[in-house]
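K.L.:
Quick mapping for you: the protein sequence lines, in order, are chains A and B. Heads up: the first sequence begins at 461 in my numbering, then just goes up one per residue. Heads up: the second sequence begins at 894 in my numbering, then just goes up one per residue. I am attaching a structure below and will ask some questions about it afterwards.
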Amino acid sequence: MGDPLFIHGVDLAVFVIAVVKVVVAFVVLLVSVMLMIWFERKVISDMQNRIGPNRAGPFGILQTLADGIKLFFKEDLMPTNADRVVFKLAPYLALLPALLIFTIVPVGGVVTIAHHTVELQVADPAIGILFLLALSSVAVYGTMLAGWSSGSKYPLLGAVRASAQMISYEAAMGLSIVAVVLESHSLSTRTIVDLQASSVLHWNVFRTGVIPFLIFVVAVTAELQRPPFDLSEGEQELVGGFHTEYSSLRFALFFLAEFMNTITMSAIIVTLFLGGPDGPGFHFLRWLWPILWFAGKTVVFLYGYVWVRASLPRMRYDQLMDIGWKLLIPLSLAWLLIIAAIEQSRLWGVAILVACVPIYFLLQRSRQVSRRRAEMQAVETERARSRKDPRSVLFDSLLADEPAGGEH
Amino acid sequence: MHLFLASATLPDTITFAIAAAICIVGSLGVVVSTHPVHSALMLVMTLFGVAVLFVEENAQFLAAVQVIVYAGAIVVLFLFVIMLLGVDRAESIAADPLRGQRLTALLLGLLVLAEVVLLGRGRWPTGAHSTAGALNQGTKPNVNVLGTSIFTTFLLPFEITSALLVIAIVGAVVLARRPRRPVGGASSPIPSAKGLTGPPEAEGDDTDRGPLQMGVEDLEDSDGLEAGRPGVPATHGQEGSKS
């Protein structure tokens, strides 16, 4: 294994290889973001029976470049109420995690260049997948600070929504990652990928039982704020969400970060659950073949995101939170326990499974009770309201939350 | 520490110097900046510097957890509280909320510094460097050693700590929960709210000046002019029409 953080010093060749890797990864990411935006617009227009971008370049493939240049030359506005430093800092905080997460994704196998064994990934730190969790928790800052520093209401609301959503779904995401780590006995993405090699049945989708995979995909979609979980930029309510006040290059950075995150996260899904660069077929292509497999699998997920965006309506905020906290987290926790027990012995697995059943019914029961209670309360309020002069209802509903109100 | 060891390589030294500078600048920033949000951001910067130092010391897991827990959860929580409670105003440093606070802080800081120096100089405080043996055993990453140690030797303290956290969460939920309003026509809060606000006519007026009105006023206030009061812009307008 390599020495990704150069703990034991560097020599020139290692240094050059590292620099080349970083530059290649950076360029590839930028180009693929460009293609991704074009791809999304084209596919969506196909699904909506229109043509889509077709002016710049063949099939409009250079449309993103044109848009980027346009944004670059636009006037850069700064709201009067904005916190100047934080307002400028936020776009970079949004972009940085998107770039960095890609460094731990193994895009191919291992090649030998000038007697140096080189893994086709930028870095393979010992903490591996924890790096993903660390950076996705940093990504919250970009969103949150952008909304807050704009000094206006809609961005703040959008940012609070977005960051609450990201924090909530991080838990489910983390728990389904733990299931993968449990199966691979390692945090390193390279080891996780290596253990899935040689047969489709060894892929973590099947080894962990499909559920963590599904949870991870849903959680990642929410984490990315892609439709149907893109409430943070609900146009009807919040204008544009946390980046409403941004324009020009800074807006472009947010846009870039959003699509880069989509690509990176699809790559992470492929790495964790679908064997990364592993796949059957023509090995005469040697090192290129795994890379093609990897790219192919990633594109499938990218297409999936576009497809979902074109076909599903946006969710309601309480539904979103319900799914996150009341469905995904308990489910992934229970599944994690079952997997861990099976790792010990079959008997333990069955025992835990049996133990999960009453807990499930208990949870169901508690949800039912709380729902019924809320309904009863709603009926009460409605009844009280109908007795009142309609003009003062709004005021009452504002005051009804005062705890001191009951005393007088 | 690396600076004083012969075994430290050049990249090590450079990394240490940069990370230490980040830490020092960040922690000074936390204390000096007058704006709570800026302070919180400086804290994040300090935490990142410390995380880099952890990596430098080959404690990658600690570094990751540092970022995930402190930068990812705790400071985000700080920011939420700052933003939602609306205390995001700059404070003047001149005012001293508690008498003698600064002197005490200085003394305590010196005490902590002395402790750190003592801890750093040798084994005097505990008598040993590590309780679970070397953290890096052969090729295994130290996450494995740490995990084994926590879940075998130190299982009981670990579980007690997690129980403590659960108790704290339950306590927070219980404390933050409002007592349930009695449900029922007679004791519903609406009549009492009426009693608070006086005669229904006035109440009706207030209702008309509901959130919609407030929103417009806020927008007018946020023009950045000091002349937010009703009289002042009017005179401005008259002058404008005269000239």
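Ideal Cβ positions, reconstructed from N, Cα and C, are used throughout, including at glycine.
State the DSSP-derived secondary structure class of threonine 572 of chain A, mapped to helix, strand or coil.
P.N.:
As a position in the first sequence, residue 572 of chain A is number 112, starting the count at 1. Reduced to three states, the DSSP call for threonine 572 of chain A is strand.
K.L.:
Just mark serine 648 of chain A as buried or exposed, buried being the case when its beta carbon has 16 or more other beta carbons within 10 Å.
P.N.:
Within the first sequence, the letter at position 188 stands for residue 648 of chain A. Classification of serine 648 of chain A: buried, given that the 10 Å Cβ count is 16 or more.
K.L.:
Hey, is tryptophan 608 of chain A's beta-carbon within less than 8 Å of any beta-carbon in chain B?
P.N.:
The residue you call residue 608 of chain A lines up with position 148 of the first sequence. True, the Cβ-Cβ gap to chain B drops below 8 Å.
K.L.:
List, in chain order, every chain B residue whose beta-carbon is nearer than 9 Å to that of methionine 604 of chain A.
P.N.:
As a position in the first sequence, residue 604 of chain A is number 144, starting the count at 1. Residues of chain B passing the Cβ test: Val969, Leu972, Phe973, Met976.
K.L.:
Note down, in chain order, every chain B residue with its Cβ under 8 Å from the Cβ of serine 597 of chain A.
P.N.:
Looking up residue 597 of chain A in the first sequence gives position 137. Val960, Ile961, Ala964, Gly965, Ala966, Val969, listed in chain order.
K.L.:
Going by the beta-carbon positions, is the gap between threonine 722 of chain A and proline 566 of chain A smaller than 8 Å?
P.N.:
In the first sequence, the residue the question calls residue 722 of chain A occupies position 262. In the first sequence, the residue the question calls residue 566 of chain A occupies position 106. No, they are not a contact pair.
K.L.:
Looking only at C-alpha atoms, which of B:Met938, B:Gly919, B:Ala964, B:Ala912 sits nearest to glutamate 950 of chain B?
P.N.:
Position 57 of the second sequence, counted from the first residue, corresponds to residue 950 of chain B. Checking every option, the nearest Cα to that of glutamate 950 of chain B belongs to B:Ala912.
K.L.:
Per DSSP, which one or two residues make a beta bridge with threonine 577 of chain A?
P.N.:
In the first sequence, the residue the question calls residue 577 of chain A occupies position 117. Looking at the DSSP assignment, threonine 577 of chain A forms a beta bridge with A:Thr572.
K.L.:
Would you mind telling me which residues of chain B sit closer than 9 Å to serine 623 of chain A, beta carbon to beta carbon, in chain order?
P.N.:
Taking the first residue of the first sequence as position 1, residue 623 of chain A is located at position 163. Simply Val969, Leu972, Phe973.
K.L.:
Take the Cβ of phenylalanine 475 of chain A as the centre, count every other Cβ of all protein chains shown within 10 Å, and call the residue buried at 16 or more, exposed below.
P.N.:
Position 15 of the first sequence, counted from the start, is the residue given in the question as residue 475 of chain A. Under this definition phenylalanine 475 of chain A is an exposed residue.
K.L.:
When you check each C-beta in the segment 811-839 of chain A against every C-beta of chain B, which residues fall closer than 8 Å?
P.N.:
Of all residues in the segment 811-839 of chain A, Met836, Gln837 have a Cβ within less than 8 Å of some Cβ in chain B.
K.L.:
So which of A:Ala619, A:Val670, A:Ser628 has the shortest CA-CA distance to leucine 780 of chain A?
P.N.:
Residue 780 of chain A sits at position 320 when you count from the first residue of the first sequence. Looking at the Cα atoms, A:Ser628 is the closest of the given residues.
K.L.:
Can you name the start and end residues of the alpha helix (DSSP H) that leucine 525 of chain A belongs to?
P.N.:
Taking the first sequence and counting its residues from 1, one reaches residue 525 of chain A at position 65. Here the alpha helix (DSSP H) through leucine 525 of chain A covers 523-532.
K.L.:
So for alanine 586 of chain A, helix, strand or coil by DSSP?
P.N.:
The residue given as residue 586 of chain A occupies position 126 in the first sequence. Three-state result, alanine 586 of chain A: coil.
K.L.:
Can you tell me whether leucine 617 of chain A is buried or exposed? The criterion is at least 16 other CB atoms within 10 Å of its CB, across all chains shown.
P.N.:
The residue labelled residue 617 of chain A in the question sits at position 157 within the first sequence. When all chains shown are included, leucine 617 of chain A counts as buried.
K.L.:
With H, G and I counted as helix, E and B as strand and the rest as coil, what does DSSP make of arginine 832 of chain A?
P.N.:
In the first sequence, counting from the first residue as 1, residue 832 of chain A sits at position 372. Correct three-state label for arginine 832 of chain A: helix.
K.L.:
Taking all protein chains shown into account, do 16 or more other C-beta atoms lie within 10 angstroms of the C-beta of aspartate 471 of chain A, making it buried, or fewer, making it exposed?
P.N.:
Numbered from its first residue, the first sequence carries residue 471 of chain A at position 11. Under this definition aspartate 471 of chain A is an exposed residue.
K.L.:
Spell out whether any CB of chain B is found under 8 Å from the CB atom of leucine 647 of chain A.
P.N.:
For this step, residue 647 of chain A is matched to residue 187 along the first sequence. Yes, its Cβ sits closer than 8 Å to a Cβ of chain B.
K.L.:
Does chain A have any CB closer than 8 Å to the CB of valine 1137 of chain B?
P.N.:
Since the displayed chain B opens at 894 and closes at 1136, residue 1137 of chain B lies outside it and no answer follows.
K.L.:
Give me, in chain order, the residues of the same chain whose beta-carbon lies closer than 6 Å to that of glycine 784 of chain A; leave out the 5 immediate sequence neighbours on both sides.
P.N.:
By 1-based counting over the first sequence, the position of residue 784 of chain A is 324. Once the five neighbours on either side are set aside, the close Cβ partners of glycine 784 of chain A are Ser628, Tyr629.
K.L.:
For leucine 531 of chain A versus phenylalanine 711 of chain A, is the C-beta spacing smaller than 8 Å?
P.N.:
Here residue 531 of chain A corresponds to residue number 71 of the first sequence, with the count starting at 1. Here residue 711 of chain A corresponds to residue number 251 of the first sequence, with the count starting at 1. Their beta carbons are under 8 Å apart, which means leucine 531 of chain A touches phenylalanine 711 of chain A by this criterion.
K.L.:
Measure the CB-CB distance between proline 672 of chain A and serine 792 of chain A and report whether it falls below 8 Å.
P.N.:
Here residue 672 of chain A corresponds to residue number 212 of the first sequence, with the count starting at 1. Here residue 792 of chain A corresponds to residue number 332 of the first sequence, with the count starting at 1. Contact: yes.
K.L.:
Over what stretch of residues does the alpha helix (DSSP H) that includes proline 929 of chain B continue unbroken?
P.N.:
Against the second sequence, residue 929 of chain B aligns to sequence position 36. Start and end: 929-949.
K.L.:
Let me know the secondary structure DSSP gives isoleucine 799 of chain A once reduced to three states.
P.N.:
Start at 1 with the first residue of the first sequence, and residue 799 of chain A comes out as number 339. Helix.
K.L.:
Please confirm whether serine 636 of chain A and alanine 679 of chain A have their CB atoms less than 8 Å apart.
P.N.:
What you label residue 636 of chain A is simply residue 176 of the first sequence in a count that begins at 1. What you label residue 679 of chain A is simply residue 219 of the first sequence in a count that begins at 1. Yes. Within cutoff.
K.L.:
Please state if the CB of glutamine 953 of chain B and the CB of proline 557 of chain A are separated by a distance shorter than 8 Å.
P.N.:
Locating residue 557 of chain A in the first sequence gives position 97, counting from the first residue. Locating residue 953 of chain B in the second sequence gives position 60, counting from the first residue. In this structure, glutamine 953 of chain B does not lie closer than 8 Å to proline 557 of chain A by Cβ.
K.L.:
Examine chain A for any beta-carbon lying closer than 8 Å to the beta-carbon of glycine 1067 of chain B, and answer yes or no.
P.N.:
Position 174 of the second sequence, counting from 1, holds the residue named residue 1067 of chain B. The sequence given here places valine at residue 1067 of chain B; glycine does not occur at that position. Not one chain A Cβ lies under 8 Å of valine 1067 of chain B.
K.L.:
Check phenylalanine 954 of chain B in the structure and name its three-state DSSP category.
P.N.:
Position 61 of the second sequence holds residue 954 of chain B. Note: phenylalanine 954 of chain B maps to helix in three-state DSSP.
K.L.:
Hey, how far is the Cα of serine 609 of chain A from the Cα of tyrosine 763 of chain A?
P.N.:
For the purposes of this step, residue 609 of chain A is taken as residue 149 along the first sequence, with counting starting at 1. For the purposes of this step, residue 763 of chain A is taken as residue 303 along the first sequence, with counting starting at 1. Going from the Cα of serine 609 of chain A to the Cα of tyrosine 763 of chain A covers about 34 Å.
K.L.:
Which stretch, first to last residue, makes up the alpha helix (DSSP H) that contains tryptophan 747 of chain A?
P.N.:
Taking the first sequence and counting its residues from 1, one reaches residue 747 of chain A at position 287. Premise fails: tryptophan 747 of chain A is in no alpha helix (DSSP H) and is neither H nor E.
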